[in-house]
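Here full-length UniProt numbering is used: position 116 in the sequence shown is 116, and no number is missing along the way.
In this text, a Cβ means the ideal position worked out from N, Cα and C, and glycines have one as well.
Keep in mind the model is a prediction, meaning the values are calculated, not measured.
Before any comments, here is the structure.
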Amino acid sequence: MNDWYYEKNGQRLGGVPDAEIAALIQQRAVTGETLVWKQGLATWTPVAQTELATHLTAADVPPILPATHISNLVGWFIAAAPFLGSFLQGVLAYFLNHHNEWLAQNALASGRYWWVTVVLNVGLCLLDERRLKA
1 MNDWYYEKNG
11 QRLGGVPDAE
21 IAALIQQRAV
31 TGETLVWKQG
41 LATWTPVAQT
51 ELATHLTAAD
61 VPPILPATHI
71 SNLVGWFIAA
81 APFLGSFLQG
91 VLAYFLNHHN
101 EWLAQNALAS
111 GRYWWVTVVL
121 NVGLCLLDER
131 RLKA
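See below:
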């Protein structure tokens, strides 16, 4: 039987069978950086570089949240971004042209504030990405 030995806080622990070391990985008592050794290995090796690495994926990555628990509000704002962008362009044109409606209409007609919708889209997409990664 090939038992595993592992290092914890500078101490050698073990030997434990495959099932027990796998359980320690699942409990996060042993991580990918933890040094392990068993007969056949030349030297102490990080778990991530051994056959035990297959147990790390399941332990290190939490399961995906159900879709019913993820708010899609930002997604709806992204869908409405062209309309919101047009509205913001009008508001921006009005205030930047000193409340002169004629100048604001000319600025909008010439496409002077096209970038507002782009900035809004990029900002909302970055926000959505950050929220999904969290």
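Between residue i and residue j, how many whole angstroms is the CB-CB distance? I'm expecting something under 8 Å.
{"i": "Ala-80", "j": "Asn-121", "result": "Actually they are not in contact, since the Cβ atoms of Ala-80 and Asn-121 sit about 11 Å apart, beyond 8 Å."}
{"i": "His-55", "j": "Ala-19", "result": "At roughly 10 Å, the Cβ-Cβ gap does not stay under 8 Å, so His-55 and Ala-19 are not in contact."}
Leaving aside the five residues before and after residue i along the sequence, list all residues of the same chain whose C-beta is less than 8 Å from its C-beta, in chain order.
{"i": "Gly-75", "result": "Asp-128"}
Using a Cβ-Cβ cutoff of less than 7 Å, which residues in the same chain neighbour residue i once the five nearest sequence positions on both sides are dropped?
{"i": "Gln-39", "result": "Asn-2"}
{"i": "Leu-24", "result": "Val-30"}
{"i": "Tyr-113", "result": "Gln-89, Leu-92, Ala-93, Ala-107"}
Nearest-angstrom Cα distance between residue i and residue j?
{"i": "Thr-43", "j": "Leu-126", "result": "45 Å"}
{"i": "Leu-124", "j": "Arg-131", "result": "11 Å"}
{"i": "Pro-46", "j": "Leu-73", "result": "42 Å"}
{"i": "Trp-4", "j": "Gly-14", "result": "6 Å"}
What does the Cβ neighbour count give for residue i, buried or exposed, with the cut at 16 atoms within 10 Å?
{"i": "Leu-65", "result": "exposed"}
{"i": "Val-30", "result": "buried"}
{"i": "Gly-111", "result": "exposed"}
{"i": "Thr-34", "result": "buried"}
{"i": "Thr-57", "result": "exposed"}
Spatial neighbours of residue i within its chain, please: C-beta separation below 6 Å, excluding the five flanking residues on both sides.
{"i": "Gly-85", "result": "Val-116, Thr-117, Leu-120"}
{"i": "Phe-77", "result": "Leu-124"}
{"i": "Trp-37", "result": "Tyr-5, Trp-44"}
Do the region 86-95 and the region 103-110 make contact, defined as three or more Cβ pairs closer than 8 Å? Yes, the region 86-95 touches the region 103-110.
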